[in-house]
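As numbered in the working numbering, residues 139 to 230 make up the sequence shown, in order. By construction, the Cβ of each residue, glycine as well, lies at the ideal position given by its N, Cα and C atoms. Model, not experiment: these values are computed from the prediction.
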Amino acid sequence: MALNKTELVAKIAAETGQSQAAVSSVIDGLFAAVSETVAGGDKVSIPGWISFETATTAARTGRNPRTGESIDIPAGKRVKVSVGSKLKAAVK
139 MALNKTELVA KIAAETGQSQ AAVSSVIDGL FAAVSETVAG GDKVSIPGWI
189 SFETATTAAR TGRNPRTGES IDIPAGKRVK VSVGSKLKAA VK
């Protein structure tokens, strides 16, 4: 089962006693701050849980799996998400 934003907000609000509007505002602020920081080339890290950073990829040649045709993939920037030890341990 996937947890969407509405369900996540409701769960956090129930656990913390905060209103759903307040929790939703904090989550929106978190992702806005992460987006702005990573877009600026800096790393966001929540030790033990997760980190976000920009990764640069080189130009390369790929292959269309349907046709087998070669395609050029331009260099670009991607977002790298790394899982921390606490999240890994929680999943085990």
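Cα separation between residue i and residue j?
{"i": "LEU141", "j": "VAL229", "result": "15 angstroms"}
{"i": "ILE150", "j": "THR205", "result": "47 angstroms"}
{"i": "TRP240", "j": "LEU168", "result": "No statement about residue 240 is possible, as the shown extent of the chain runs from 139 to 230 and does not include it."}
{"i": "GLN158", "j": "ARG216", "result": "32 angstroms"}
{"i": "THR154", "j": "ALA177", "result": "31 angstroms"}
{"i": "SER223", "j": "VAL172", "result": "20 angstroms"}
Among the options, which residue has its Cα nearest to the Cα of residue i?
{"i": "ALA197", "options": "GLY214, SER220, GLY155, LEU225", "result": "GLY214"}
{"i": "GLY179", "options": "ALA193, ALA170, TRP187", "result": "ALA193"}
{"i": "THR195", "options": "ARG201, ILE188, ILE211, GLY186", "result": "ILE211"}
{"i": "SER163", "options": "LEU146, VAL176, ALA177", "result": "LEU146"}
Completely contained alpha helix (DSSP H) runs for the region 146-228, where each covers 4 or more residues: 158-177
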